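Chains as they are written, first to last, in our numbering: chain A, 15 to 116; chain B, 3 to 516. C-beta: ideal position from N, C-alpha, C; glycine also. Just so we're clear, the structure is a prediction, and the values are computed from it rather than from any experiment. Below: the structure, in C-alpha cells.
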C-alpha cells in the first residue's frame, strides 16, 4: 500500500479545520457548534500525525494521544454544560441565549 | 524517546502543583467519606493548600533557572513568582467563596477542588516549555474554570455564561493546537528551546506556513488573555459566573495565561523579533484603548470590572511587547524625544510584568470581594444586583468596605499611593526604555480615561445618599479578612514596594536568556 502523500493529508486537515471554524461561527445549534470544535481538534491531530509520519519521529504520535485524552475530558464538561443550558432554557439554540445585554 | 526514571528530586520543582492537587484530592475524598452537616472545614483545607503551595513556590523562587523533566518544563524565578501570585489570588478567592457559598447553600467540596486543580494547572502552565505540555496545562485550568462558571447552575445566567466560555475557550484551544501542529511540522520538535533555530530557517524557506503557525498560536493566547479584538466572550462570562469565580478568572487565569504567552513568545519571537513585537504592540494598543472605552458607559459594576480586566490585559501586553527590541522605525515608536538607540533591559520588563500581575491580583480580588458582599442581598441574579446604585452611600452604612473599595478603585485606576500606580509605573518605564514611548503615552492617556469609571464608584459611595429601604449586608470573618488583607496589601505595596520589587528583579533569571 502506498503511503498517502504529506500535502494531501495536510490539505484534508486544513479543510477540516476551516469547516470546523466556519461551523463554530455560523451554526446556531449548541450541539453542532460543539461538534465543530471537536472537528477542529481532530484536524490538529491529523496534522500532528501527518508530520510525525513525514519526520519519522514519535513526538507527533504521542501528542495525538494526549490531545485525544484532553478532548475527551473537555467533551464531558462541555456536554454537562449543554445539559445545564437545556434544563434552564428548554432549548439548545444559541439565538435564544441572550440574557446578558450590554 | 526513552522514558525517564523519576526520582523524588525530579518532582521537587513541581511541588507547589503537587500540593494543590493533593489538597484537591483530599477535598474530593472528604466529600465522599465525611457526612457532617458543617462544611466550613472545606474552605480551611483549600486555604491551607494554597498558602502551603505559595510558600513552597516562594522558597524555591531564588534558585537559578534550570530545565526539568528532560526539558519539557523549566523552573526559573519567573515561573515561581507566577505561582506565588496565583496562590495569593487563590487564597483570597477561597476566603471570599466561604461565605458566598454558605449564603447560597452551595458549599461543596468539588467547588474548592476545582479551584485547586485550576491553580495547579496555572502553576504548571507557567513552567511549561513544550507545546503539548503547555496545551495540557492550559486545558487543565480551562476545563476546571468552565465547570466552576456553571457551578451555581440553577439560574439561566451561569449556564449561559459557562456555555459561551466553553465554546470560545475550546475554540481558542483548537487554534493554539493547530498552530502547535504546524510549528511541529516546520521545526520537527515541540520543545520551545529546540524550536528557535529551525523556525528561523523556516521563516525563509516556508514563510507562509511558519507565519500562519505563529499567528494561530498568538490568536489562541489572545483569546485566553481577552485581548481586543478577541475579547467578546469576557464581559458575558465575567457577568454570568459566580462572583468569586470571576475573581479567580481575572486574577489567576489571567496571570497564568500571561506567563504562558511570555514563555512561548520569548522563544518563538526570536525567529522574527520585529514582526512579533509589532503584533504584540498592535494588540496592546487595541486592548488598552478598547477596554477602557468599552468600560466607560457601563452602569453594571461587574460588567465594568470585566472591561477593566480587558484594559489591564492591554497594559500587561505593553509590558510583554517591551521584552522585544524596537528599532524605532515604527510610526508609534518614532518620536523626537528618543535619544540614542533604545536598549532592552529585559530584567526591568519581567519585573514590570510580575509586579503588575501582583498588583492586579490583589486589587481585583478585593474589588470583586466587595461586589460579592453587596450582591448577597440581591433577589436572584438579575442585572440590578451589580448596578452602580448599590454603591450609593456605602460610606455611611459600611465605612470600612467603602474605604477598602476606594483603595481598590484607586489602585485599578493607577493613582498613587496604591500598588496599581507602582505596577503601571514599572510597566510604562520598561516600555519607554525599550523604545515604545508612543505606546506608553497611549497607555497613560487610556488609563486617564479609565480613571473616570473607577472614580465614579468612589463618588457614588461617598457623595450619594444611601437608599432608604436597603438592607445592610452582613459581615462574615472570612470575607472581612480577605478584604482587609487585600486593602492593606494594596496600600502597603504602593507605599513601600522596595522589598517585593527587589525580589521580582530576580526574575531576570529567565530560562533561555543568556
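At 7 Å on the CB atoms, spell out the chain B contacts of residue 44 of chain A, in chain order. Those within 7 Å of residue 44 of chain A in chain B are 165.
Locate the alpha helix (DSSP H) running through residue 98 of chain A, then write down its first and last residues. That run of the alpha helix (DSSP H) goes 73 to 103.
Any heavy atom of the ligand GDP inside 6 Å of the beta-carbon of residue 359 of chain B? Absence of the ligand GDP is noted for the structure shown, with no ligands found whatsoever.
Along chain A, which residues have their Cβ under 7 Å away from the Cβ of residue 111 of chain B? Scanning chain A for C-beta atoms nearer than 7 Å to the C-beta of residue 111 of chain B yields nothing, as the closest lies near 17 Å away.
Beta-carbon neighbours of residue 186 of chain B, restricted to chain A and to distances below 9 Å: Near residue 186 of chain B (Cβ distances below 9 Å), the residues of chain A are 61, 62, 65, 66, 69, 73, 74 and 77.
Collapsed DSSP secondary structure at residue 233 of chain B in the structure displayed: Correct three-state label for residue 233 of chain B: coil.
Going by DSSP in three states, residue 476 of chain B sits in which element: helix, strand or coil? Correct three-state label for residue 476 of chain B: coil.
Using DSSP's beta-bridge definition, name the partner residues of residue 302 of chain B. Note: residue 302 of chain B sits in a beta bridge opposite B/389.
Look at the Cβ atom of residue 69 of chain B, then the Cβ atom of residue 83 of chain B, and state whether they are nearer than 7 Å. Contact: no.
Is residue 398 of chain B helix, strand or coil by DSSP? Helix, per DSSP.
Along the region 90 to 105 of chain A, what residues have a CB closer than 8 Å to any CB found in chain B? Answer set for the region 90 to 105 of chain A: 91, 92, 94, 95, 96, 98, 99, 101, 102 and 103.
Could you work out which residue in B/368, B/226, B/157 and B/247 is closest to residue 149 of chain B when comparing CA atoms only? Considering only alpha carbons, the answer is B/247.
Limits of the unbroken alpha helix (DSSP H) element including residue 279 of chain B: For residue 279 of chain B, the enclosing alpha helix (DSSP H) covers residues 275 to 297.
Using the DSSP secondary-structure output, state which residues sit across from residue 69 of chain B in a beta bridge. DSSP lists B/76 as the bridge partner or partners of residue 69 of chain B.
For residue 25 of chain A, would you say it is in contact with chain B, using Cβ-to-Cβ distances shorter than 7 Å as the test? It does not: the Cβ of residue 25 of chain A has no partner Cβ on chain B nearer than 7 Å.
In the DSSP assignment, find the unbroken alpha helix (DSSP H) run with residue 165 of chain B in it and report its ends. Its alpha helix (DSSP H) spans residues 158 to 189.
Span of the alpha helix (DSSP H) holding residue 373 of chain B? That run of the alpha helix (DSSP H) goes 348 to 377.
Against chain B, with Cβ distances strictly below 7 Å, would residue 109 of chain A count as a contact? Not an interface residue.
Applying a beta-carbon distance threshold of less than 7 Å, which residues of chain A neighbour residue 145 of chain B? By Cβ distance, chain A contributes 87, 88 and 91.
Among residues of its own chain, excluding the 5 on either side of residue 362 of chain B, which ones have a beta-carbon nearer than 6 Å to its beta-carbon? Closer than 6 Å at Cβ, skipping near neighbours: 314.
Through-space distance from residue 482 of chain B to residue 271 of chain B, alpha-carbon basis: If you take the alpha carbons of residue 271 of chain B and residue 482 of chain B, they lie about 44 Å apart.
Round the Cβ separation of residue 171 of chain B and residue 144 of chain B to the nearest angstrom and send it over; I've been treating them as touching at under 8 Å. With 8 Å as the limit, residue 171 of chain B and residue 144 of chain B qualify as a contact, their Cβ atoms being about 5 Å apart.
Proximity winner among B/324, B/372, B/488 and B/366, relative to residue 349 of chain B (alpha-carbon distances): Looking at the Cα atoms, B/324 is the closest of the given residues.
Extract the residue ranges of the alpha helix (DSSP H) inside the region 76 to 106 of chain B, only unbroken runs of 4 or more that lie entirely within it. Counting only unbroken stretches of 4 or more residues, the alpha helix (DSSP H) elements lying wholly within the region 76 to 106 of chain B are 79 to 105, in sequence order.
Just to confirm the assignment, what range does the alpha helix (DSSP H) spanning residue 251 of chain B have? For residue 251 of chain B, there is no enclosing alpha helix (DSSP H), as DSSP marks it with neither H nor E.
Applying the criterion that 16 or more other CB atoms from any shown protein chain within 10 Å of the CB defines a buried residue, is residue 89 of chain B buried or exposed? The residue in question, residue 89 of chain B, is buried, as its Cβ has 16 or more Cβ neighbours within 10 Å.
To the nearest angstrom, how far is the alpha carbon of residue 304 of chain B from that of residue 66 of chain A? Rounded to the nearest whole angstrom, the C-alpha separation of residue 304 of chain B and residue 66 of chain A is 47 Å.
Segment contact flag, the region 164 to 183 of chain B with the region 193 to 206 of chain B, C-beta cutoff 8 Å, min 3 pairs: Between the region 164 to 183 of chain B and the region 193 to 206 of chain B there are fewer than three C-beta pairs closer than 8 Å, too few to call the two in contact.
DSSP three-state label for residue 109 of chain B, please. In the structure shown, the three-state DSSP call for residue 109 of chain B is coil.
Does the separation of the CB atoms of residue 468 of chain B and residue 400 of chain B fall below 7 Å? Cβ atoms of residue 468 of chain B and residue 400 of chain B: not closer than 7 Å.
Could you check the C-alpha separation between residue 45 of chain B and residue 254 of chain B for me, to the nearest Å? A straight line joining the alpha-carbon of residue 45 of chain B with that of residue 254 of chain B spans about 18 Å.
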